[in-house]
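The sequence shown runs 79 to 543 under our numbering.
Each residue gets a CB set at the ideal place from its N, CA and C atoms; glycine is no exception.
Note that the structure is predicted; figures quoted are calculated from it, not measured.
Here is the structure we will look at, set down as structure tokens.
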Amino acid sequence: MSSSVIGWFRRIGWFLGGLAALYLVSCVYFQRKHPQPVLGAESTTPFAPDWPKGFLWGTATAAHQVEGGNALNDWARFERLPGKIAHGDTSGVASGHWNKVGEDIALMRDLGANSYRFSIEWSRLEPREGTWDDAAWQHYADEITQLKAAGQEPVVTLLHFTLPAWLADRGGATAPDFPARFGRFAAEAARRLGPQVRWWCTVNEPQVQMFFGYVAGTWPPGVKDNALAVKAFEGLLKAHGAAALALRAGDPDAYIGLASNMIYFEPAHRWNLLEQFVSNTVANGFNWSFYESIRTGRAQFSMPGFPTLDAPAPELKGTIDWVGINYYRRNLVRFAPGAPGMVDISNGPGTLSDAKVEIYPEGLLALLREGWARYHLPIVITENGVADSSGVHRPIYVRQHAYAAKQAIAEGVDLRGFFHWSLMDNFEWAEGYGWRFGLYRMDLKTLARTPAAGSEEFKRLAPAR
Ligand code: IFM
């Protein structure tokens, strides 16, 4: 063999060796950045929680899902369209909470809770544009007074999916004046409720509202348009910004955050770099875009199959004091050239809840670690719970997710609270009343509440009074 051929073989050998080394280094990098989360062995035993002083341990609900009688928002209209809600359900009287405030606060106390996250219904409070309903504001002010008297710290959400019909009529989250209108609503909330409220949550799960409303089209406004979806994302981002500024101006004591739904995305095969990359891209887009936009002061969204958003929004900087995480599931991610956006997303191999999502408490630990590493801001688990009508899964679910929280705290994450979704069974959006998330089981006819499986475990884990 001539020396020039040997030289070529050598070069090819070096090249392939280099590629293999690069592959290996990248694998190690991803492995270190996103190690497989593992819970301590005692996570299934009745461990002592030992929460830090002042830790919020509570339940969460949303106005339209529990109050009943909310007829003036986009959801009430959507529910009347045939085929939109499972079993033809409508929110109707929901859990009747509007008329059962005292009774429900007693349930919170029985659970050993010390806090309650709930939303105030914009369409009740401003039924016509520019007109405030004083009686409705007073109702919430009274509820907050009662909560505080019962030792329940109120965490008030301003927007939990539902938009007043008058705003929906001109584009809802994509209406040009949505941020300004929402800012004005937040200013009124600060003026009327601020003296009693410290914990504010501007918006709930903006990406979920965007995906179901504008990508899947199964929620209001019921369209399938990725460009409009990104516009809605930007509207929700700016609305959050406007609300945060209004709260800061009207309530000097305001402690502001938002609740973002987070899925633990994992590459289906950890050694597959392409899957690592795709999984990272999806997680950055779905889980972190909202928070990254706030951190950087640029409205940013980038996901395969969507137009890219990247615009200056300096007013967003510094608008949160804490990071809210709603956690329910793990998804495995595969690179799939034939699929939309070339991504395939599916459940992992573990147990599925009634909502057909995988129960995976380790994912909560991973997201708490990542949220802390990214922002170094206090974190609140603003929602976590399971659709479980048989009650087989909830007790161990509550225990293991609480353990993930305890483990994160032990590792140094500044976790301030944990809210179980939900206090009682309620209207689960397009699923109607089929999924049961409550620590109290609700009789759908009489609205009577009885303790559900998991409520004893929740009680056992409550911070000492
Ligand atoms: O019921 C919902 C809630 O409104 C938002 N987070 C998820 C919950 C369960 O699906």
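| Check | Outcome |
| --- | --- |
| The segment 97-110 in contact with the segment 178-195 per 3-pair CB rule at 8 Å | no |
| The segment 463-476 touching the segment 102-117, judged by at least three CB pairs closer than 8 Å | no |
| Segment contact, 8 Å Cβ cut-off, at least three pairs: the segment 154-165 with the segment 516-529 | no |
| Any non-hydrogen atom of the ligand IFM within 7 Å of glutamine 143 CB | yes |
| For arginine 412 and leucine 435, believed in contact at Cβ under 8 Å, the rounded distance | Going by the sequence as given, residue 435 is valine instead of leucine. That pair is no contact at about 17 Å. |
| Where lysine 484 falls, given that 16 or more other Cβ within 10 Å makes a residue buried | buried |
| Histidine 175 versus leucine 351 - alpha carbon distance | 50 Å |
| Any non-hydrogen atom of the ligand IFM within 7 Å of asparagine 151 CB | no |
| Secondary structure of serine 169, DSSP reduced to three states | coil |
| Leucine 306, DSSP secondary structure in three states | helix |
| Residue environment, lysine 309, which counts as buried when at least 16 other CB atoms sit within 10 Å | buried |
| Contacts around valine 470, its chain only, beta-carbon distance under 8 Å, and the 5 residues preceding and following it disregarded | Ala531 |
| C-beta neighbour in chain D for aspartate 388, strict 8 Å | Annotation note: the requested chain D is absent from the structure, which comprises a single protein chain. |
| Reduced DSSP secondary structure (H/G/I, E/B, other) of phenylalanine 343 | strand |
| Range covered by the alpha helix (DSSP H) that runs through arginine 373 | 367-374 |
| Tryptophan 450 CB to nearest heavy atom of the ligand IFM below 7 Å | no |
| Histidine 498, buried or exposed, once every other Cβ within 10 Å from all chains shown has been counted against 16 | buried |
| Reduced DSSP category for tryptophan 400 - H, G, I as helix; E, B as strand; rest coil | coil |
| Phenylalanine 413 - partner residues in DSSP beta bridges | Val421 |
| Spatial neighbours of phenylalanine 505 in its chain, beta-carbon cut-off 6 Å, leaving aside the 5 residues before and after | Gln143, Ser169, Ala172 |
| Contact belief for tryptophan 278 with alanine 332 at Cβ below 8 Å, rounded distance in angstroms | 5 Å |
| The segment 448-457 in contact with the segment 419-434 per 3-pair CB rule at 8 Å | no |
| Histidine 184 Cβ short of 7 Å to the ligand IFM heavy atom set | Correcting the residue type first, residue 184 is alanine in the shown sequence and not histidine. No, the ligand IFM has no heavy atom inside 7 Å of this Cβ. |
| Any alpha helix (DSSP H) of 4 or more consecutive residues that is wholly inside the segment 201-264 | 212-227, 243-246 |
| Whole-Å CB distance - alanine 320 paired with alanine 258, under 8 Å assumed | 6 Å |
| Coil, strand or helix - phenylalanine 364 by DSSP | helix |
| Same chain, Cβ closer than 6 Å to asparagine 282, five either side skipped, listed in chain order | Thr235, His238, Ala337 |
| Near the ligand IFM: asparagine 282 beta-carbon under 7 Å from a heavy atom | yes |
| Same chain, Cβ closer than 6 Å to glycine 441, neighbours up to 5 away in sequence not counted | Tyr342, Arg408 |
| Collapsed DSSP secondary structure at valine 281 in the structure displayed | strand |
| Cut-off 8 Å between Cβ atoms - residues of its own chain near leucine 387, not counting five sequence neighbours on either side | Val308, Phe311, Glu312, Ala377, Gln378, Phe379, Ser380 |
| Inter-residue spacing [alpha-carbon to alpha-carbon] between phenylalanine 260 and proline 242 | 11 Å |
| At least three beta-carbon pairs within less than 8 Å, the segment 178-189 to the segment 219-230 | yes |
| Where isoleucine 198 sits in the DSSP three-state scheme | coil |
| C-alpha gap between alanine 294 and methionine 340, whole angstroms | 18 Å |
| Exposed unless 16 or more other CB atoms sit within 10 angstroms - verdict on arginine 472 | buried |
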